[in-house]
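Protein chains in written order, with the numbering used here: chain A, 196 to 571; chain B, 57 to 437.
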């Protein structure tokens, strides 16, 4: 009976696996090209920042108050205003998505505004088919109106000081750039892609072609097999992580405030469950098409959707929140974003690293069982 | 007679035979059948419930150096709002910092000394609120919730102080067309119809050719009397049917399970779906004409679909994208089709607007289908 680990076999196998990975052009494609593409997409393509919204404006009253209010909308940096008196044409634009809201200053605006005891009304219709844009339009339209009211009262209309004056501060991302948290967050998706998707696909091909059986027929032990299969992808994962980190800092100007050592420990801890899941899928399914679909569905999409990257976990229904606890990316994103934006927050880093390593061990036990069963 | 007179069959009969063969290839294998139906439905459920841009269950901490009535009132109003899960009192600035750093709270409020007294006297009362900028999107949403709460408190304080003597000179009445209560699901489900049917159709198309090339049976197909365009049409019909079936299931689910109103015309919608599926199949054939193995086809699909989904207007508004990228995204079929599905579902979009968004789909189909045909012909001969 051979011992569980032999350094001679490990070295030989490792050389074989490394050569195999380096000779396959698609692994280089996944480890280098895809991370670059994804970081670019998240850096440029996905933006939750507020930008300029196109707005229609109907001004039915021509007094000085409504003129100055209309000018306030036209001059607002948040809106690109099209003024028109054709209500139907503007509504057609709203239906087509050419504008996102219509502001109407009614014909009795000036009269009611000047009269005491009466309130003049400004009507806003937003395009509710996209709720986040609709919220943005009404919030900013309110903001423009409030500022306009304040400037009017400064010119001697009603004075109303007093009241609560909220002074918000956004720590660690003062300018509220969504890129600063999306780009580090997207690394979870990229590392899952390399760890789970690539591994599942490549290793399933070996099972499909029967080269895996040939390998298992040699004196190689299962731990040796798992370690040497994993190491090249682990190295590829760290290379991709390095490329991503450099791009984030030097191309997208995301600050980095933590320690590099902590960053790499975190990356390494995350690659354990990611690689484990990929190996497990391929060992259990042994069919490229099915393995790729399963990896997509159980690893890639959850890393994207159920990790807190785009959608807040605490707002999801309870049964989905329960599922998110089984998504490794959920434990990577908060400490990763903190390393970039805050610093070494140990109470966030340590428990999450421990959970990731725990997940990794669980996957390796499962791989061990699935592979051993196949030998019988 | 030894061999059937296959060569003398009319073109439609040859293609019919091919389509039957392709359908059998897709449906014969149990694992394959499951992958056609289960993932799309799982994705539909998962995506539709997980995608929410509202923030609920937010946790807040506050430091009370005031101890007055207004502080108690504001805290009570925040606790009463359904968007907040916990409002916890802490005893030092350090504790606020710690709660935010460790993400135990998304915001911290400092009530300064004299806050209630200032308010009562009608003086400005500053209130500092700090947010976790790492989650800048959620923070902004929470900040707007807190803004609404303080505004309404201000208004009731003003009303109490001035004995209803003064009214605001003007106010905004906001309504939301097409989706009055801003139901997020109404936005998500139409987008999902577009995305999921594209993903399934594309992977079926790309994989079916690649699999035959990897196994070598594609060469056998090429030596039959079938012409290249006949093979391509035969290869397109099964994924087309799969896509059509998927999108029909999703439309039915959207209307009957998720209660999304279907305001517009189904005929217009299905008319657009035909060209949408054709454009996606064109991309799939194009990818498979370039790949010789299943792995390459999978990677090609992945490289196309990820940017196509991210730049579709679903994850974030397409208006936020830089101009050069927005121009490139014009070649993205998902982006055009999402406008149509949302328009037909929620806005009863008229024929002319549906057409305006279908024309790009037709152009994309013509371009990708003929590019794929050209590539197949030239790589084969």
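Note that the Cβ used here is the ideal one computed from N, Cα and C, for glycine as well. Please read all numbers here as calculations on a predicted model, not as lab measurements.
Take residue 429/B, set aside five residues on each side of it, and the residues of its chain with a beta-carbon closer than 7 Å to its own are 284, 285, 288, in chain order. Around the Cβ of residue 322/A, a 10 Å sphere holds 16 or more other Cβ atoms; the residue is buried.
Of all alpha-carbon atoms in 370/A, 468/A, 420/A, the one lying nearest the alpha-carbon of residue 386/A is that of 468/A. One thing to note: residue 377/B has its Cβ no nearer than 7 Å to the Cβ of residue 396/B. Residue nearest to residue 113/B within the set 277/B, 142/B, 99/B is 142/B (criterion: CA-CA distance). Counting along the chain, residue 305/A sits inside the alpha helix (DSSP H) bounded by residues 304-309.
Inter-residue distance for residue 402/A and residue 216/A is about 16 Å (C-alpha atoms, whole angstroms).
Across the set 472/A, 480/A, 482/A, 398/A, the C-alpha of 472/A shows the shortest separation from the C-alpha of residue 495/A. Counting along the chain, residue 226/B sits inside the beta strand (DSSP E) bounded by residues 226-233.
Counting other Cβ atoms within 10 Å of its Cβ, residue 548/A reaches 16 or more and is therefore classed as buried. For the 7 Å CB-CB criterion, residue 396/A and residue 428/A do not form a contact. Segment contact: the region 112-132 of chain B against the region 170-183 of chain B, three or more CB-CB distances shorter than 8 Å; contact assigned.
Exclusion of the five residues before and after residue 110/B leaves 139, 197, 240 as the residues of its chain whose Cβ lies within less than 8 Å of its Cβ. DSSP places residue 281/B in the coil class of the three-state scheme, outside both helix and strand.
Along the region 352-363 of chain B, the positions whose C-beta sits under 8 Å from a C-beta of chain A are 352, 354, 355, 358, 359, 362, 363, read in chain order. Counting along the chain, residue 297/A sits inside the beta strand (DSSP E) bounded by residues 296-300. Taking residue 331/B as the centre and dropping the five residues before and after it, the same chain places the C-beta of 414, 417, 418, 421 closer than 8 Å to its C-beta, in chain order.
Across the set 205/B, 335/B, 254/B, the C-alpha of 254/B shows the shortest separation from the C-alpha of residue 100/B. Residue 208/A and residue 423/A do touch by the CB rule: their CB atoms are close to 4 Å apart, below 8 Å. Around the Cβ of residue 312/B, a 10 Å sphere holds fewer than 16 other Cβ atoms; the residue is exposed.
Between residue 292/A and residue 250/A, the C-beta gap is not smaller than 7 Å, which leaves the two residues out of contact. Residue 378/A is positioned such that its CB atom lies no closer than 7 Å to that of residue 506/A. A straight-line Cα-Cα distance of about 10 Å links residue 380/A and residue 234/A. Taking 9 Å as the Cβ-Cβ cut-off, the region 97-113 of chain B approaches chain A at 98, 99, 102, 103, 105, 106, 107, 108, 109, 110, 111, 112, 113, given in chain order. Check the Cα spacing between residue 107/B and each of 485/A, 512/A, 557/A, 565/A: the tightest is with 512/A. DSSP lists 187/B as the bridge partner or partners of residue 365/A.
For residue 238/B, there is no enclosing beta strand (DSSP E), as DSSP gives it neither H nor E. For residue 340/B, the uninterrupted alpha helix (DSSP H) segment begins and ends at 322-346. Flagged as an interface residue toward chain B: residue 239/A, by a C-beta distance shorter than 7 Å. Identification of residues in the region 115-127 of chain B having a C-beta nearer than 7 Å to some C-beta of chain A yields an empty set. For the pair residue 400/B and residue 302/B, the Cα-to-Cα distance works out to about 18 Å.
CA-CA distance, residue 504/A to residue 255/A, rounds to 45 Å. In terms of beta-carbon proximity, residue 337/A lines the interface with chain B, with at least one pair separated by less than 7 Å. Residue 161/B counts as buried, since no fewer than 16 other beta carbons sit within 10 angstroms of its beta carbon. For the pair residue 303/A and residue 321/B, the Cα-to-Cα distance works out to about 38 Å. Residue 179/B sits exposed, since fewer than 16 C-beta atoms from the chains shown fall within 10 Å of its C-beta.
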